[in-house]
Amino acid sequence: MFGLRRKKSAYGMHITDTQIKLVEVESNSQQMDVLQRHIISLDEGSIRNGKLLDEESVIHKLTHYSKSHQFQGMPVHITIPTSNLILRKSVFPAMKDQELRNMIDVELNGGSQVPFKNPVFDFMRLGQAESEAAAAHEGEGKKGKTPRQESVLIFATPLEVVEGYTSLVQKSGLTPASVDIAPLAILRLLAMQQQLSGTSLPKIFMFLQVEPDYADVSIYVQGIPVFMRSIQMNVGYLMDTGSEKIDAYGRNLSMELGRILNYFKYSVSSEQEEVDRIYLIGEAAWTAGLAPLLESSYSGELAVFPLERVLRANDLAFHAFTVPLGLAMKGV
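The opening residue of the sequence shown carries number 11 in the numbering used here; numbering runs sequentially from there.
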């Protein structure tokens, strides 16, 4: 009416073994306004370790919720479990995107690059291959040129996983607009926060995303993901008599974190470097309670993930929705 254009809304949906987190946001002068946020609890065992065991139960809950909150037909950006993801770094001749995609497809389907059939993948160009860059520097001034090589980071997951989650969303009356993984959704938010604040990222940082049933660990070197792992957390099994849930979770996570940090330093980092900063992502009460429990495994900087620049309103409750917020950024 009167020629006014309505701001564009976008929806992000993060699906775990125990719950679905859904947000609706709109962009406002580079920042985002959160219009709605919801948590839908799932029946125990309907999803286990990222595998859909009782799809009908999940569809029933999501359909009922989307109808009652008028989400039906809306395009949503969704996650698939990080536990099903394979990260590979390869070198290819420099070529256009479609040609490169075809070559990656042949490589993934024709060898032993991934431990599953029918991989679905995406890729990130990393620039000139390191070995070629060194050779080019040594051979400056020499005649003749060899085809340029570039490094490519490949993200691959089973086709059945992607089809399973997109089908679940469609059967619930929603439209899957894109499929992503939580670590990349969080990275998108962090990049926006750094741009708005004018600050730079540490050389090596980690996202430690804590959920009631699992923890996702992802490490980045100069903004490029180099390591991802999902840790299942059976807190009920870990609890001793009289111990608090967050204490049991923290003790187990601290041990796993110590192992991962050592593995990264001695097996992943080419120069045996350490992680400069760990960003804690999750419900505010959980991140606050876990921080002191992780100090025995990590002596560097532990920081709560920064949302204050990205969101127009400052509300601690939004920290539980970091992943779906990063997903929704694709649509604003």
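Just so you know, even glycine gets a beta-carbon here, dropped at the ideal spot from N, CA and C.
Within 8 Å, do at least three Cβ pairs link the region 173-182 to the region 86-103?
yes
Determine the direct distance from the alpha carbon of residue 306 to that of residue 277, and round the result to whole angstroms.
Residue 277 sits at position 267 when you count from the first residue of the sequence shown. Residue 306 sits at position 296 when you count from the first residue of the sequence shown. So the two alpha carbons sit approximately 21 Å from each other.
Reduced DSSP secondary structure (H/G/I, E/B, other) of residue 22:
For this step, residue 22 is matched to residue 12 along the sequence shown. Note: residue 22 maps to strand in three-state DSSP.
Simplified DSSP assignment, three categories, for residue 160:
Here the question's residue 160 lines up with position 150 in the sequence shown. In the structure shown, residue 160 sits in a strand (DSSP, three-state: E or B).
Between residue 286 and residue 193, is the Cβ-Cβ spacing less than 8 Å?
Counting from 1 along the sequence shown, the entry for residue 286 is found at position 276. Counting from 1 along the sequence shown, the entry for residue 193 is found at position 183. It is not a contact, given that the beta carbons lie outside the stated cut-off.
Return the CA-CA distance between residue 327 and residue 292, expressed in angstroms with no decimal places.
Along the sequence shown, one-based indexing puts residue 327 at 317. Along the sequence shown, one-based indexing puts residue 292 at 282. In a straight line, the C-alpha of residue 327 is about 10 Å away from that of residue 292.
Between residue 47 and residue 331, is the Cβ-Cβ spacing less than 8 Å?
Indexing the sequence shown from 1 puts residue 47 at position 37. Indexing the sequence shown from 1 puts residue 331 at position 321. Result yes, Cβ atoms of residue 47 and residue 331 sit closer than 8 Å.
If you reduce the DSSP assignment to three classes, tell me which class residue 334 lands in.
Here residue 334 is taken as the residue at index 324 of the sequence shown, counted from 1. The answer is helix: DSSP assigns residue 334 an H, G or I state.
When you compare the CB positions of residue 41 and residue 231, do they come within less than 8 Å of one another, or not?
Walking along the sequence shown from the start, residue 41 turns up at place 31. Walking along the sequence shown from the start, residue 231 turns up at place 221. Cβ atoms of residue 41 and residue 231: not closer than 8 Å.
Taking contact to mean 3 or more Cβ pairs, one atom from each stretch, closer than 8 Å, check whether the region 224-244 and the region 95-103 are in contact.
yes
Mind checking who residue 137 pairs with in its DSSP beta bridge?
Here residue 137 is taken as the residue at index 127 of the sequence shown, counted from 1. The partner list for residue 137 (beta bridge, DSSP) reads 161.
Can you list, in chain order, the residues of its chain with a C-beta nearer than 6 Å to that of residue 157? Leave out the 5 residues immediately preceding and following it.
Reading the sequence shown from its first residue, position 147 is the one you call residue 157. Contacts found: 103.
Beta strand (DSSP E) containing residue 287: first to last residue?
Position 277 of the sequence shown, counting from 1, holds the residue named residue 287. Looking at the DSSP string, the run of the beta strand (DSSP E) that includes residue 287 is 287-291.
In chain order, what are the residue ranges of uninterrupted alpha helix (DSSP H) at least 4 long that sit wholly in the region 203-251?
245-248
Per-residue DSSP class, three states only, for residue 128
Taking the first residue of the sequence shown as position 1, residue 128 is located at position 118. Coil at residue 128, not helix or strand.
Status (buried if at least 16 other CB within 10 Å, exposed otherwise) for residue 27:
Walking along the sequence shown from the start, residue 27 turns up at place 17. Buried is the call here.
Output the distance between the C-alpha atoms of residue 149 and residue 101, rounded to the nearest integer angstrom.
Reading the sequence shown from its first residue, position 139 is the one you call residue 149. Reading the sequence shown from its first residue, position 91 is the one you call residue 101. Per-residue confidence for residue 149 stands at a pLDDT of 49, beneath the threshold of 50, marking its modelled position as unreliable; no derived number is given.
Residue 124 and residue 335: beta carbons closer than 8 Å?
As a position in the sequence shown, residue 124 is number 114, starting the count at 1. As a position in the sequence shown, residue 335 is number 325, starting the count at 1. Not a contact, by the Cβ cut-off of 8 Å.
Close-in-space but distant-in-sequence residues of the same chain around residue 58 (CB under 8 Å, 5 per side omitted):
Locating residue 58 in the sequence shown gives position 48, counting from the first residue. Result list for residue 58: 27, in chain order.
Let's test the definition: count the other Cβ atoms within 10 Å of the Cβ of residue 32 and tell me whether it reaches 16, buried, or not, exposed.
Taking the sequence shown and counting its residues from 1, the one referred to as residue 32 is at position 22. Burial call: buried.
Where does residue 184 fall in DSSP's three states?
Working through the sequence shown from its first residue, we reach residue 184 at position 174. It is coil, neither helix nor strand.
Is residue 185 near residue 83, with beta carbons less than 8 Å apart?
Reading the sequence shown from its first residue, position 175 is the one you call residue 185. Reading the sequence shown from its first residue, position 73 is the one you call residue 83. Cβ distance < 8 Å, so residue 185 and residue 83 count as in contact.
Output the distance between the C-alpha atoms of residue 282 and residue 81, rounded to the nearest integer angstrom.
Here residue 282 corresponds to residue number 272 of the sequence shown, with the count starting at 1. Here residue 81 corresponds to residue number 71 of the sequence shown, with the count starting at 1. Between residue 282 and residue 81, the C-alpha separation is close to 48 Å.
Which stretch, first to last residue, makes up the beta strand (DSSP E) that contains residue 100?
For the purposes of this step, residue 100 is taken as residue 90 along the sequence shown, with counting starting at 1. Here the beta strand (DSSP E) through residue 100 covers 96-103.
In the DSSP assignment, the alpha helix (DSSP H) including residue 65 goes from what residue to what residue?
For the purposes of this step, residue 65 is taken as residue 55 along the sequence shown, with counting starting at 1. That run of the alpha helix (DSSP H) goes 65-78.
Report the partner residues of residue 42 according to the DSSP bridge assignment.
On the sequence shown, residue 42 is found 32 positions in, with the first residue counted as 1. According to DSSP, which records beta bridges pairwise, residue 42 is partnered with 37 and 321.
Tell me whether residue 120 is buried or exposed, calling it buried when 16 or more other Cβ atoms sit within 10 Å of its Cβ.
For the purposes of this step, residue 120 is identified with residue 110 of the sequence shown, where counting begins at 1. By the neighbour-count rule (16 or more Cβ atoms within 10 Å), residue 120 is not buried but exposed.
If we ignore side chains and look at the alpha-carbon of each, how far apart do residue 18 and residue 244 end up?
Here residue 18 refers to the residue found at position 8 of the sequence shown. Here residue 244 refers to the residue found at position 234 of the sequence shown. The alpha-carbon atoms of residue 18 and residue 244 are separated by roughly 40 Å.
Among 317, 333 and 261, which residue has its Cα nearest to the Cα of residue 308?
To locate residue 308, count along the sequence shown from 1; it is residue 298. Nearest option by C-alpha distance: 261.
Cross-strand partners of residue 200 (DSSP beta bridge):
Residue mapping note: residue 200 aligns to position 190 of the sequence shown, counting from 1. Residue 200 is not bridged to any residue.
Tell me whether the beta-carbon of residue 20 lies closer than 8 Å to the beta-carbon of residue 220.
For the purposes of this step, residue 20 is taken as the residue at position 10 of the sequence shown. For the purposes of this step, residue 220 is taken as the residue at position 210 of the sequence shown. Cβ distance not < 8 Å, so residue 20 and residue 220 don't count as in contact.
Contact set for residue 113: own chain, Cβ-Cβ below 7 Å, skip 5 residues either direction:
Here the question's residue 113 lines up with position 103 in the sequence shown. 102.
Proximal residues to residue 55 (C-beta, below 7 Å), its chain only, five neighbours per side dropped:
For the purposes of this step, residue 55 is identified with residue 45 of the sequence shown, where counting begins at 1. For residue 55, where only same-chain residues beyond five positions count, the Cβ hits under 7 Å are 63 and 64.
What do you get for residue 162, buried or exposed, if any count of 16 or more other CB atoms within 10 angstroms of its CB means buried?
To locate residue 162, count along the sequence shown from 1; it is residue 152. Looking at its Cβ environment, which holds 16 or more other Cβ atoms inside 10 Å, residue 162 is buried.
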